[in-house]
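The numbers in my numbering rise by one with no breaks, and the one at position 483 of the sequence shown is 588.
We put the CB at the ideal spot given by N, CA and C, even for glycine.
No experiment lies behind these values; they were computed from the predicted model shown.
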Amino acid sequence: MYILCYQVSFVFLARFVKTEEYQTVALHDSKDQPNGDCSFSVMKSNTGNEPAIPLTTGGVRLAPAQDLWSTARDKPVKLRMETSGLGSEPPMTIHQMFQATVQKYGGYPALRGKKEGTWVTLTYKEYYQHARAAARSFLKLGLERFHGVGILGFNSPEWFIADVGCILAGGLATGIYTTNSPEACQYVAGNCEANVLVVENNKQLVKILQVITWTATAAGLMTSLKMAEEEIVSYLPLSHVAAQVHDMWICMRFAIITNFAEPDALKGSLANTLREVRPTSFLGVPRVWEKMQEAMKSAGAKSSITKKKIADWAKGIGFQASYNAMNGDSSVPWGFTLANALVFKNVRKALGLDRCRACYTGAAPITKDTLEYFMSLYITVFELYGMSESTGPHSISCAEGYHIMSCGKVLTGCKTKLDKPDTDGNGEICFWGRHVFMGYLNMPDKTEEALDADGWLHSGDLGKHDKDDFLYITGRIKELIITAGGENVPPVPIEDALKEEVSIISNAMLVGDKKKFLSMLLTLKCNVDDNGDPTDELTPLAVEFCRQHGVIASKVSEIINKKEPAIYKVIQEGIDRVNANATSNAQRVQKWTILPRDFSISGGELGPTMKLKRPVVSKMYQEEINKFYGE
């Protein structure tokens, strides 16, 4: 296995041997069509139930396939084609898509990242040349067909170049989270049979060297997007499919400029990058939007009385205008123009979203409180829904179709089925479409669990449609708490409701599986240090919350150690209000506790996209949970 470090630049890769062999899995550039043109038609199969795909479609030659899924990387699978819409688009390879963009927009900016504090730009032509150089290098280093190139590092031009270069060379690019332990890195590298590992710096190199066994050969959304007029910020982990699709492939298809944030983006520097770049669209996980909300509320709390009154007046107008737009009413409330000039424009500029035409959220549930807060500032945050197994989004909200708390409507060319719906219409959400994955590598049992005999991908999420066919997520099957009395309780709605009632609460996790009643683990909003770890210090908003209730406290420990009566009382009152809206007695929260430390990625309670890892939290705080039930 070879290990490459991209701490400085990828230019050094060009010194390796040249080759023009570029291959991709299952799809191949046609040798009969050197210009890469791709003509395509969909024929009906003999059964008449699904489109039959010709093996040669202009610029693409398809391998014969019998099955919809496979766990072997070198086995082709059938494409889920449709007779119309996006599902009928002709297949093309990554190489073809990249070439088409380069031929038309080669001189346009593609990737922008900071080197020693200065923005450095690569054009699409330069990006393509570096990717080809990386491909040649990987082949020279011994990358085998369908084997992996592991990429371990923060988002950067080099990350993109390594990924695309691996694909051009016929390999499988595999992102590795920078937070992975050495053993986890070893598992990923072994599972994809990586011939090459690309690491960001010496820190990641040392991690790899701990677990690699050296051998004798070792040496060291979008159809509304305007072509070449968009800019985005890349900051979510590229090991996550949502980030790859948004930052890499959509950008390549539409000649979008990708600007790379600093490695400490989620620790605070993202705000500065957004103000510098001023993206035209922005994808934020719910925690990012919540952090923005907290920062703006904190800044607002320090404003003069006059400014607070103006802001409150403007937010009332923005809230009404946003709801009007959502309900198809093009009218705006009286005073909107003034509110926009005095408040909304300034807020968008301060956030770096003044050029942003679309804001999105995904990867985890977002609260109604956060969505409505941004609506009050005349910023609509559209929800996306999908899975890694569906190559990112399956349904999407947009300006033309938006209902708050809905994940929008299914993408054109895809299908949704609700499996085994209950009397309220809630069923397991199942996906169908060309975006559905081919299977889990070397895991036939897991693949058969995810894909049924008819090829539908089972998400494990519960959802329902409204009368307008908007999709709502109502829970997750594996997260359902089944009480001792046999009642199924989805935890997220209860957790979100409490966070909306009591603003000092940062995270809430409902527990009570197989127990007689429900309980809750709570954390308070606190500052984080330079490493992104939660501290004992309350955030300015949390301190202000305490002051409003007559409590002089600046630390989490002060509240817990004193069991501060006023704070505990307001939390209990919030729980009482949530319980008052419970659909049954079994869904009422009876006990709760405040934990001394907020959840974090570094602590293990949150995943890379800030999603709560319930089994981890349950194990970490088993003693506290046992106390709820006298165990």
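Rounded separation between residue i and residue j - CA only
| i | j | result |
| --- | --- | --- |
| E710 | V616 | 15 Å |
| L627 | N612 | 6 Å |
| C143 | G192 | Note that C143 scores 31 on pLDDT, short of 50, meaning its location in the model is unreliable and no value can be drawn from it. |
| D459 | A426 | 18 Å |
| Q201 | P169 | 20 Å |
| A289 | K312 | 10 Å |
| Q692 | F243 | 56 Å |
| M327 | R358 | Bear in mind that a pLDDT of 39 at M327, under 50, signals an unreliable position, so the model cannot answer this. |
| Y428 | T279 | 42 Å |
| K230 | G212 | 6 Å |
| A239 | T228 | 16 Å |
| I578 | L567 | 6 Å |
| I587 | V722 | 18 Å |
| T472 | G247 | 49 Å |
| N731 | S608 | 27 Å |
| R185 | G590 | 43 Å |
| V452 | G253 | 45 Å |
| M510 | T442 | 27 Å |
| T485 | Y734 | 43 Å |
| M548 | G491 | 21 Å |
| L643 | L629 | 8 Å |
| A419 | V437 | 12 Å |
| T223 | G258 | 20 Å |
| P598 | N531 | 14 Å |
| G467 | C356 | 18 Å |
| A446 | A404 | 19 Å |
| L273 | V382 | 30 Å |
| D601 | L167 | 47 Å |
| R178 | K716 | 29 Å |
| T284 | S707 | 8 Å |
| T698 | M625 | 7 Å |
| L576 | C512 | 6 Å |
| S261 | N593 | 44 Å |
| Q291 | L523 | 38 Å |
| Y465 | A504 | 11 Å |
Those residues which DSSP pairs with residue i across a bridge
| i | result |
| --- | --- |
| L456 | Looking at the DSSP assignment, L456 forms no beta bridge with any residue, so it has no partner. |
| R581 | D566 |
| W697 | M625 |
| E488 | T466 |
| A278 | V254 |
| K718 | In DSSP, K718 forms no bridge with anything. |
| N593 | I587 |
| L447 | The partner list for L447 (beta bridge, DSSP) is empty, contrary to what the question assumes. |
| V225 | G218 |
Whole-number beta carbon distance between residue j and residue i, since they are thought to touch under 8 Å
| i | j | result |
| --- | --- | --- |
| V648 | T640 | 13 Å between Cβ atoms; not a contact. |
| P384 | V350 | Not a contact, Cβ separation roughly 16 Å. |
| L516 | N296 | Going by Cβ atoms, the distance from L516 to N296 rounds to 30 Å, so no, they are not a contact pair. |
| P214 | I422 | In fact, because the Cβ distance is near 37 Å, the residues do not count as touching under 8 Å. |
| E605 | P596 | About 15 Å; that fails the 8 Å criterion. |
| D703 | K372 | Actually they do not touch by this definition, with Cβ atoms about 14 Å apart. |
| A299 | I266 | Between I266 and A299 the Cβ distance is about 17 Å, and since that is not below 8 Å, they are no contact. |
| C519 | W561 | That belief does not hold up - the Cβ atoms of C519 and W561 are roughly 12 Å apart, past 8 Å. |
| D574 | K514 | 6 Å |
| G218 | F387 | With 8 Å as the limit, G218 and F387 do not qualify as a contact, their Cβ atoms being about 18 Å apart. |
Start-to-end residues for the alpha helix (DSSP H) that takes in residue i
| i | result |
| --- | --- |
| W264 | 262-273 |
| V304 | Where V304 is concerned, there is no enclosing alpha helix (DSSP H), although the beta strand (DSSP E) it sits in stretches over 299-304. |
| E729 | 727-733 |
| G295 | 287-296 |
| N307 | 307-314 |
| F203 | 199-210 |
| S378 | The sequence shown places Thr at residue 378, not Ser. T378 -> alpha helix (DSSP H) spans 375-382. |
| A370 | Run containing A370: none; DSSP gives neither H nor E here. |
| A348 | 346-349 |
Beta strand (DSSP E) segment containing residue i, residue limits
| i | result |
| --- | --- |
| E336 | 336-339 |
| L643 | 639-643 |
| P498 | 497-501 |
| K219 | 214-220 |
| G679 | No beta strand (DSSP E) holds G679; the alpha helix (DSSP H) holding it covers 670-685. |
| I484 | That residue, I484, is in no beta strand (DSSP E); it is neither H nor E in DSSP. |
| S611 | 610-616 |
| A239 | Counting along the chain, A239 falls outside any beta strand (DSSP E), though it belongs to the alpha helix (DSSP H) covering 229-246. |
| I362 | 362-365 |
| V633 | 631-633 |
Contact with chain B by residue i, beta-carbon distance below 8 Å
| i | result |
| --- | --- |
| K621 | Going by chain labels, chain B is absent from the structure shown, which holds only one protein chain. |
Practice item. Starting from the N-terminal side, write out each stretch of the alpha helix (DSSP H) that is 4 residues or longer and does not extend beyond the stretch 504-564. Key: 549-555
Point to revise | 4-residue-minimum alpha helix (DSSP H) runs that sit fully inside the stretch 390-442, ordered along the chain | key: 391-406, 410-431
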